[in-house]
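Engineer: Residue numbers (our numbering), protein chains in the order written: chain A, 134 to 430; chain B, 5 to 332; chain C, 3 to 528; chain D, -18 to 328. The beta carbon of each residue, even a glycine, is placed where N, CA and C say it ideally should be. Below you will find the structure I want to go over with you.
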Amino acid sequence: ADKKLVVGFSQIGSESGWRAAETKTAKAEADKRGIDLKISDAQQKQENQIKAVRSFVAQGVDAIFIAPVVATGWDSVLKEAKEAKIPVVLLDRQIETKDPSLYMTAVTSDTVHEGRVAGEWLAKQTGGKCAVVELQGTVGSSPAINRKKGFDEIVAKNPGMKIIRTQSGDFTRAKGKEVMESFIKAENGGKGICAVYAHNDDMAVGAIQAIKEAGLKPGKDILVVSIDGVPDIFKAMSEGEANATVELTPNMAGPAYDALIAFKKDGKAPPKWIQTESALFTPDTAKAEYERRKDAY
Amino acid sequence: MTGALQRFLPLIVTTAVLVVGFLLCAAQFPNFASWRVVGNLLTDNAFLGITAVGMTFVILSGGIDLSVGAVIGFTTVLLAVLIEQGGWHPVPAFAVALIAAGGFGAAMGGVIHVFQMPPFIVTLAGMFIARGLGFVLTTDSVPINHPLYGELNDMALRFDFGLKLSLPALLMLGVVLAAVVLAHWTRFGANLYALGGNRQSAELMGVPVARTTVAVYGLSGLLAGLAGIVFSLYTGAGYSLAATGVELDTITAVVIGGTQLTGGYGYVVGTFVGVLIQGLIQTYITFDGTLSSWWTKIAIGVLLFVFILLQKGLLVVWAGRGGEPAEA
Amino acid sequence: MTASTAPPSAPLLAIRGLSKAFLGVQALDGVDFTLRHGEIHALLGENGAGKSTLIKTLTGVYQRDGGTVALEGREIAPRGVEEAQRLHIGTVYQEVNLLPNLSVAENLFLGRQPMRWGLVDRGAMRRRARAVLQPYGLSIDVTAPLGRFSVATQQIIAIARAVDMSAKVLILDEPTASLDAQEVAVLFKVMRTLRSRGIGIVFVTHFLDQVYEVCDSITVLRNGRLVGERRTAELPRLDLVAMMLGRELEAAAHRIDLGPAEVDSRPPLASFKGFGKARSVEPFDLDIRPGEVVALAGLLGSGRTETVRLVFGMDRADRGEATVDGRTIRLKGPRDAVRLGFGFCPEDRKKEGIVGELSVRENIILALQARQGWLKPIPRRRQEEIADRFIRLLDIRTPDAERPIQLLSGGNQQKALLARWLATEPRLLILDEPTRGIDVGAHAEIIRLIERLCADGMALLVVSSELEEIVAYSRRVVVLRDRRHVAELRGGEVSVERIVAAIASETPHAIASETPATGSGAEVRQ
Amino acid sequence: MTLSAPGPSRNLPQYGALIAVLLANWLLFPDFFAIRLQDGRLFGSLIDVLNRGAPVALLAIGMTMVIATRGVDLSVGAVMAISGAIAATMTGAGWSLPAVLAASLAAGLLCGLWNGLLVAVLRIQPIIATLILMVAGRGIAQLVTEGQIVTFTSPALAFIGSGSFLTVPMPVVLTIVALAVTALLVRATALGLMIEAVGVNRLSSAGAGVNTPVVLVAVYVWCGLCAAVAGLIVTADIRGADANNAGLWLELDAILAVVVGGTSLLGGRFGLVLSVVGALIIQAMNTGILLSGFKPEFNLIVKAGVLLVVLLLQSPTLTLFLPRPKGARPIGTVKPPVAPTSGGAKP
Ligand SMILES: Nc1ncnc2c1ncn2[C@@H]1O[C@H](COP(=O)(O)OP(=O)(O)OP(=O)(O)O)[C@@H](O)[C@H]1O
Ligand SMILES: Nc1ncnc2c1ncn2[C@@H]1O[C@H](COP(=O)(O)OP(=O)(O)OP(=O)(O)O)[C@@H](O)[C@H]1O
Ligand SMILES: [Mg+2]
Ligand SMILES: [Mg+2]
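Here it is as structure tokens:
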């Protein structure tokens, strides 16, 4: 009989609902396949992730999954894993390295692309004319940088589109709401704002509340577009308060397990990048999507 | 020498706690008691240890330095920008980073002394500034690809019995040794303890308060800069959000190591042991591998509490009622 | 008494027109002071007269507002203690200002450690520390933290440090406040030796006997102003007191009428049986009756302080029992004692007595308020009344009751502490060295106050190193030696000679040779 | 004893700084002082400052007294998360508002009790004692919410966050009430005096008969309660408990507010109103940064710069001409020796 596969998963933390869902799914998918999953929570710190990978190597696991908190800084620890012949899979974020052989594959979406999808939807919706306020993620974090980059590409293509204000909402509801409140005041009671683009759904939910409290109608007076696809944004969409979200699936581990099992079985190396879909959702399907998701989270 | 025994008691107790903790872990996990784990413990906590040495000096002098984590982050970014975007050789970049970090610390010390502002606040502002400067340089994480980095990373002292001491680990051990000498065999060290014992008395005894204050924050900044270099070696990158929250980790290590936050009492070696205890807690949790994010946090808190209780308990048992250090 | 070296032309230290003001207080107002080579010069004045301020301004702790200071004819203006030390001025400031966390040797050589190969030579430092302490008969473990030793030992160490540093001028601000007679004698011997080497010594004290014993000249300050300078030999005691107070002092404290003997037959207010604590004080019996003063006499470290701390519950007794009003009580802490109507002025007022940043008013009402509990605040008006009453009664020198107590001079802080307990109208007041650092005028007042309180039925338990003082007011003296109560003198038996005899019986007294006790914060005497 | 530090001149730097920051905001954004009524609720940037400043102001009220005893409470952010998590989860499970509020406040109280016992009885240094709950507390909050943002729809609970009373937003009302109750509690009783006495010199206070352990525990309990209220507000405001982020790093803001308000970290004299002013200065600064349209990369530097200026204004060195005892070097900066010296082994 086969020995149970042991996988060490260095998770970033649980800084958002999406992240917690990713962990939860990873566990569920491991159970389905009879894999023994060891999760180490890095509390948002890269140094903790590196420590975790080192200690996975010391423990002699069969594979290591990393959801890297930053793109850089993995070379030396991954080298150790490679020397110990332990395959590494990256989940939901890519890393920057000169030596791609350091990891087996990466299961991620393209965060720049997500920004593009959101931007394209907005451009289409408004005929390329829109004064956008942007709620950025945590300054310096890679999704914030990339989602801004992708969106900016579309803005650059549409002369009628303009980002009139941009500030960091730290990926949280509370900050999203606070920042949106000031945006509304700064832009003539919100009259100058055509849409809000939030780097994640949580900030969008906060922004929706701020818009309502200012006496405006979210989804109508000010369009709301965001990224992630957590249940709450589908709920808001079904109530007509949000307009679009780009999904980032929390099931990153599933494809990774499959690739790993295949690799262990007949040594078939998976493609270097297993890209997950960045699907756009709009209010028409919101209700059903909400029902489908609310338990996965 | 019962007097000496009593003086070093907190240190002995802390070390005993570390050893007991390690043995317990080893009993639970078969792979734990290996040289690899020991080596990892030293390497992974090198930057923390180096920073904590500086923090020990600051706390001994009766102050506190909240800026260290941010200075580490800033240093990594500065190095990355100089080396990758400026095309510098790493060695002059290291020098510049050390000077910048040390100067930054000294400036905070100057503000603290001249304006008689609480160190907590001045260094908190310093933390904002250092992080902010990092953001201004670049918000991206920048990989450092200079070949020297690879060479430095491969450098290690290997022992026949299996222990491997990486460059960061060696650096930390060196810093700890130098710090012990500085604390106990120089006038500067004596002045630090004096300042922390009682600032007014120290002044009345002729301790150069201004110079010492500036120097100790300068030193803390310098060591944070060195830790930044180590961190950039460790990750091979510069990132403005690197090492967030490290200030609290270092303060915890210093205090677990038996140094009084009110200043004047404590040992550098104790801090070193404190860092290892924290590293041990981390390693234990990773080895366990079943803890969710929240249980991890709870476990860290509980273990911290247990270590502190153990320490207090051992002190009381071994020293009787008089051994408990005063606390304010 | 004349100096043995010929006085050079310029005086050693010439201070002219020195002024220093603090907010609301002109602490020094154009003071002149001259110190000659090979002279011991007393600097005298009431509490708050400005003595300590003069010293601190002279040595650069405070920056002067005006005036000049010349050392051997050359103008100096040190900007800090470090600089003063470099000019060979060694100072012991009022209250011990050493560092409890450093070892004795480190305290002695802080800033001037012997170096070898660029590093501190700890061995040499230890050896030299022992040598420096040797003239004082102090053979202690110089590597032990200073905080382990008693206030007295710390004081001697501070003196030794200053003496070792002062090649020209030695300044001592109330160095004898916590020393006993033998230690004072040793100190004086050292001072005379230094004088014979041409060193000038400034000596601040409230003990007039000591002034007449060692000093060549006297400078008197009052309210920050110079009253005058005299040769000791030419100034009779009464004139000196008049110079200090600005008025005649009523006849010095006399032996008071001890009242009717029936006091002894009254039931005791508090009684302790076999009371004691391991590694602290041997079990003792002690009865205290209303209206009587019980004094505890003994050498430094004989266990007096520890006895009264047990009685007040500051330390917890681990054996014996205590009864108050015939009922057995358990003293779990000072709060219990306060509720029973006890009060306690501790020996170390800076650390255990005053609450430095709070005002004089708040310090005075603190114990009363604590006894009433936090739910029943004393109205502000009433607080002010109480504070003002005691400020007048005890003549506490402060511009107003709202001044933070830490800004008062040492003696006035002591009076405010006394006021704190008097305000609670205690039934038993415990005073540990109550007259330490208090000037002659206040000294007499405090003794009179003690008499009056007893007449009103208050019981007092007093620790004092001044035997004359004890004899003056107490009718029962418990003598301690080596942490044991060895004798009790009553009524007619109470006299300085008898006390000394009781202290000295059996083991001959050896001057301070302390070693830190193992395993306890206290210390044993050998 | 004092609600604010005595003497108007001492408070000048704080009020001056607040006005200066508000004026700077007005220069950046001319409509800053414009206020109108929106759905029966005051609406405007100035109201935002008050409203958004409320949680930190609440924390600062509790923190002030902890700091006055020479302590510090790093766990307030975590306590906020716990109280919010409990409120949202219980509301979601259908409990009534009074039960929810009682449970949340009780959680805050328990947290405070735990901190207080560690500090007063086990004598662990406050920064470390409360660090334990800072780390573990957030874990407990996440345990309650299982790492998710637990949302609720109950308008009753939401009212605490975004409702209004006589047009004044509820968070502001709650802060004013908390301030008034706290001020009453310390000023109309002798608690304030005892807190200050314990903070300045614990040994002396104990010797004078002050029940120091009870004072210490009380102060941490009150701080826990204030944090629980703050947690309720932020949870009610976003109609969801974000255990991961609620109150994150707010302990630093609260400490900052207290210090900006002029209370010394070395304990002793404290000013409650001034701490609230400190919180408002910080929030006015944050709001100003949001309104200004600076790039977010500059937020921290701007914040640090303004802070340093505000604190410099209070520096004893620069305010020597103002009658404040701190000015008298070096006595004012003394801390009593804490050595295990003679008599020091016992409290
Ligand atoms: N740092 C200070 N700030 C404000 N006032 C001070 C300060 N130091 C001393 N004073 C005041 O200056 C005056 C002189 O005090 P000083 O300590 O010189 O008296 P002293 O003669 O040494 O008295 P004592 O015999 O009690 O020690 C007192 O009124 C005191 O309150
Ligand atoms: N509980 C205690 N813990 C630590 N040190 C103590 C304690 N009680 C007293 N001491 C210190 O130990 C020294 C010796 O105390 P003891 O009571 O034996 O002396 P004493 O007779 O009162 O003489 P002194 O004049 O030095 O106070 C004192 O100076 C005191 O400061
Ligand atoms: Mg004096
Ligand atoms: Mg005594």
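(1) Enumerate in chain order the residues of its own chain whose CB-to-CB distance from D338 of chain C is below 6 Å, with the five nearest sequence positions on each side excluded.
(2) At least one CB of chain A closer than 7 Å to the CB of R33 of chain D: is that the case?
(3) Determine which residues of the stretch 312 to 337 of chain A have a Cβ less than 8 Å from any Cβ of chain D, and write them out in chain order.
(4) List the residues that DSSP assigns as beta-bridge partners of D169 of chain A.
(5) To the nearest angstrom, how far is the alpha carbon of V473 of chain C from that of I63 of chain B?
(6) So D211 of chain C is in the beta strand (DSSP E); what residue range does that whole segment cover?
(7) May I have the straight-line CA-CA distance separating G252 of chain D from R104 of chain D, to the nearest angstrom?
(8) Could you confirm whether any beta carbon from chain C is found closer than 7 Å to the beta carbon of Y271 of chain B?
(9) Kindly indicate the opening and closing residues of the alpha helix (DSSP H) around V288 of chain A.
(10) Does any residue of chain B have a CB that is nearer than 7 Å to the CB of K22 of chain C?
(11) Check the DSSP bridge columns for K168 of chain B and list the partner residues they point to.
(12) Between the stretch 177 to 193 of chain D and chain C, which residues of the former have CB atoms less than 8 Å from a CB of the latter, in chain order?
(13) Going by the beta-carbon positions, is the gap between V210 of chain A and L170 of chain A smaller than 7 Å?
(14) Compare the beta carbon distance of A369 of chain C and G190 of chain D with 7 Å and say whether it is the shorter of the two.
(15) S282 of chain C bridges to which residues according to DSSP?
(16) Counting along the chain, where does the alpha helix (DSSP H) carrying S186 of chain D start and finish?
(17) Determine, using beta carbons only, whether T126 of chain D and A208 of chain D come nearer to each other than 7 Å.
(18) Give the secondary structure of P381 of chain C by DSSP, where H, G and I count as helix, E and B as strand, and everything else as coil.
(19) Could you say which of A:G302, A:G293, A:D428, A:Q176 lies nearest to K276 of chain D if we only look at CA atoms?
(20) So within the stretch 16 to 85 of chain C, which uninterrupted beta strand (DSSP E) runs reach at least 3 residues, ignoring any that extend past its ends?
(21) Closest Cβ-Cβ distance between G324 of chain B and chain D: below 7 Å?
(22) For the stretch 209 to 236 of chain A, which residues have a CB atom closer than 8 Å to at least one CB atom of chain B, in sequence order?
(23) Alpha carbon to alpha carbon, how far is N157 of chain B from M176 of chain B? Give it in angstroms, no decimals.
(24) Any beta carbon from chain D within less than 7 Å of T305 of chain A's own beta carbon?
(25) Bridge partners for D434 of chain C per DSSP, in chain order?
(26) Would you identify the three-state DSSP class for H90 of chain C, choosing helix, strand or coil?
(27) My output table needs one value for Q300 of chain A: the three-state DSSP class, helix, strand or coil.
(28) Helix, strand or coil for Y330 of chain A per DSSP?
(29) Could you give the first and the last residue of the continuous beta strand (DSSP E) run that contains A20 of chain B?
(30) For R250 of chain D, return the contacting residues in chain G, with the cut-off set at a CB-CB distance below 9 Å.
(31) In this structure, what does DSSP give as the bridge partners for A264 of chain A?
(32) Strictly below 8 Å CB to CB, what residues from chain D border A129 of chain B?
(33) Quick one: what does DSSP say G118 of chain D is sitting in, helix, strand or coil?
(34) To the nearest angstrom, how far is it from the Cα of I145 of chain A to the Cα of T378 of chain A?
(35) I'd like to check one pair, F108 of chain B with G232 of chain B: are the Cβ atoms closer than 7 Å?
(36) Grab the span of the alpha helix (DSSP H) containing G205 of chain D for me, first residue to last.
Structural biologist: The answer reads as follows:
(1) Once the five neighbours on either side are set aside, the close Cβ partners of D338 of chain C are G315.
(2) At least one CB atom of chain A sits nearer than 7 Å to the CB of R33 of chain D.
(3) Cβ contacts with chain D come from V312, E314, S315, F316, K318, A319, D335.
(4) Residue pairing for D169 of chain A: DSSP places it in a beta bridge opposite A:V139.
(5) When rounded, the distance between both Cα atoms is 50 Å.
(6) Per DSSP, D211 of chain C belongs to no beta strand (DSSP E); it is in the alpha helix (DSSP H), 210 to 216.
(7) About 26 Å.
(8) No, its Cβ sits nowhere closer than 7 Å to a Cβ of chain C.
(9) Where V288 of chain A is concerned, the enclosing alpha helix (DSSP H) starts and stops at 275 to 290.
(10) For K22 of chain C, the answer is no, since every Cβ of chain B falls outside 7 Å of its Cβ.
(11) BP columns for K168 of chain B point to B:R162.
(12) Residues of the stretch 177 to 193 of chain D whose Cβ lies closer than 8 Å to any Cβ of chain C, in chain order: E177, A178, V181, N182, L184, S185, S186, A187, G188, A189, G190, V191, N192.
(13) For V210 of chain A and L170 of chain A, no; Cβs fall outside 7 Å.
(14) Cβ atoms of A369 of chain C and G190 of chain D: closer than 7 Å.
(15) Looking at the DSSP output, S282 of chain C bridges to nothing.
(16) Residues 183 to 188.
(17) It is not a contact, given that the beta carbons lie outside the stated cut-off.
(18) P381 of chain C falls in the coil class under three-state DSSP.
(19) For the set A:G302, A:G293, A:D428, A:Q176, the Cα lying nearest the Cα of K276 of chain D is the one of A:G302.
(20) Every unbroken stretch of the beta strand (DSSP E) spanning 3 or more residues and falling wholly within the stretch 16 to 85 of chain C is given here in chain order: 27 to 37, 42 to 46, 68 to 73.
(21) The predicted model places G324 of chain B with a pLDDT of 47, which falls under 50 and marks its position as unreliable, so this point remains unresolved.
(22) Only S209, E229, T230, K231 from the stretch 209 to 236 of chain A bring a Cβ to less than 8 Å from some Cβ of chain B.
(23) If you take the alpha carbons of M176 of chain B and N157 of chain B, they lie about 15 Å apart.
(24) So, interface residue.
(25) D434 of chain C pairs with C:V465.
(26) Coil, per DSSP.
(27) The three-state reading of DSSP puts Q300 of chain A in strand, counting E and B together.
(28) Reduced to three states, the DSSP call for Y330 of chain A is strand.
(29) Unbroken run through A20 of chain B is the alpha helix (DSSP H), 13 to 32; no beta strand (DSSP E).
(30) Given the protein chain composition of this structure (A, B, C and D), no chain G is represented.
(31) A:K295, per the DSSP bridge assignment.
(32) For A129 of chain B, the chain D residues whose Cβ falls inside 8 Å of its Cβ are A285, L288, L289, L292, in order along the chain.
(33) Three-state result, G118 of chain D: helix.
(34) Our two residues, I145 of chain A and T378 of chain A, have alpha carbons roughly 23 Å apart in a direct line.
(35) Their beta carbons are not under 7 Å apart, which means G232 of chain B does not touch F108 of chain B by this criterion.
(36) For G205 of chain D, the uninterrupted alpha helix (DSSP H) segment begins and ends at 193 to 219.
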